[in-house]
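Please read the structure below before turning to the comments.
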Amino acid sequence: MPQNRRLTVLSGPSGVGKSTVVAELRRSHPEVWLSVSVTTRKPRPGEKHGVEYYFADDEEFDRLIESGELLEWAEFAGNRYGTPRTPVMERLAAGVPTLLEIDLQGARQVRCSMPEAQLVFLAPPTWEELERRLRGRGTEPPDVVARRLEAGLVEMAAEKEFDVTLVNTSVKDVCHRLIALMRSSSS
Ligand SMILES: Nc1nc2c(ncn2[C@@H]2O[C@H](COP(=O)(O)OP(=O)(O)O)[C@@H](O)[C@H]2O)c(=O)[nH]1
Ligand SMILES: Nc1ncnc2c1ncn2[C@@H]1O[C@H](COP(=O)(O)OP(=O)(O)O)[C@@H](O)[C@H]1O
């Protein structure tokens with residue numbers, strides 16, 4: 002369906018700056034609709050239910066999978082994450098530019114189910130900078146950081162599966178380029 006060209010997926014290793022880019026887009030480009038995922042991860046300080054995520058327990062997440070309410074879902078570093086299907090389909094049907102910030106496994110599922118979607122990979126300037134950002138964020142204990150860096154190696158190796166790579170040197174610059182990509186893919 003041509004309306005699926007309005008769908009853009011943003012993926013990249015943990016700590017690269019996806020949430021920061023999404024927060025900046027929310028502020029500077031309110032015309033873009035950002036999907037809110039469901040997760041079994043516990044909220045970080047400051048995260049609000051319904052804003053960064055819908056926080057759910059395992060039982061609720063199982064129910065969402067069984068009832069087909071998720072467009073895609075994946076397990077990442079010990080927690081499950083999924084995209085509620087209905088809000089995405091409604092926005093796309095209404096012609097609204099829509100962005101999903103999801104992991105590599107989710108991006109692959111979207112590639113299969115909605116091949117017209119544009120897949121954007123957010124890369125760090127260097128691997129050392131990625132480690133520095135992830136550790137510097139200070140939201141996870143060392144064992145979880147190690148697990149995320151391990152997953153990051155797998156994500157980095159999959160960069161070529163994406164349509165475009167943006168290097169996150171400057172958040173504003175990435176937002177600018179992302180918006181330009183979203184405009185050009187749907188026109
Ligand atoms: N497949 C999938 N991945 C998601 C979804 N929501 C978030 N993620 C990904 O899950 C991973 C972990 O997210 P999170 O715990 O918030 O950590 P952070 O992205 O490092 O701040 C990231 O790669 C997110 O892009 C979703 O709905 N589906
Ligand atoms: N362009 C950038 N330059 C420097 N630091 C950044 C940049 N983008 C994000 N960061 C910082 O890197 C850390 C990880 O960013 P975050 O958005 O939480 O990553 P992700 O959502 O991809 O895991 C945060 O502390 C954030 O402030």
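Residue numbers (the working numbering): 2 to 188.
For glycine and all other residues, C-beta sits at the position ideal for the given N, C-alpha and C.
These figures come from a predicted structure and were not determined experimentally.
For residue i and residue j, which I take to be in contact (beta-carbon distance under 8 Å), what is that distance rounded to the nearest angstrom?
i    : j    : result
G13  : F122 : 6 Å
L179 : L167 : 7 Å
R27  : T99  : Going by Cβ atoms, the distance from R27 to T99 rounds to 13 Å, so no, they are not a contact pair.
L35  : V23  : 6 Å
So, with DSSP's three-state summary, where would you put residue i?
i    : result
P116 : coil
A78  : coil
G51  : coil
V17  : coil
S68  : coil
E141 : coil
S12  : strand
V121 : strand
Check the Cβ-Cβ distances between residue i and every residue of chain D, and say whether any is below 7 Å.
i    : result
V168 : Reference to chain D is not applicable here, since this structure consists of a single protein chain.
Can you say whether residue i is buried or exposed, counting buried as having 16 or more other CB atoms within 10 angstroms of its CB?
i    : result
G79  : exposed
I103 : buried
E67  : exposed
T84  : buried
S15  : buried
Q) Can you find at least 3 beta carbon pairs, one from the segment 54 to 73 and one from the segment 105 to 113, that sit closer than 8 Å? A) yes
Q.
Please give the ranges of any beta strand (DSSP E) in the segment 143 to 183, keeping only runs that are unbroken, at least 3 residues long and fully inside the region.
A. 165 to 168
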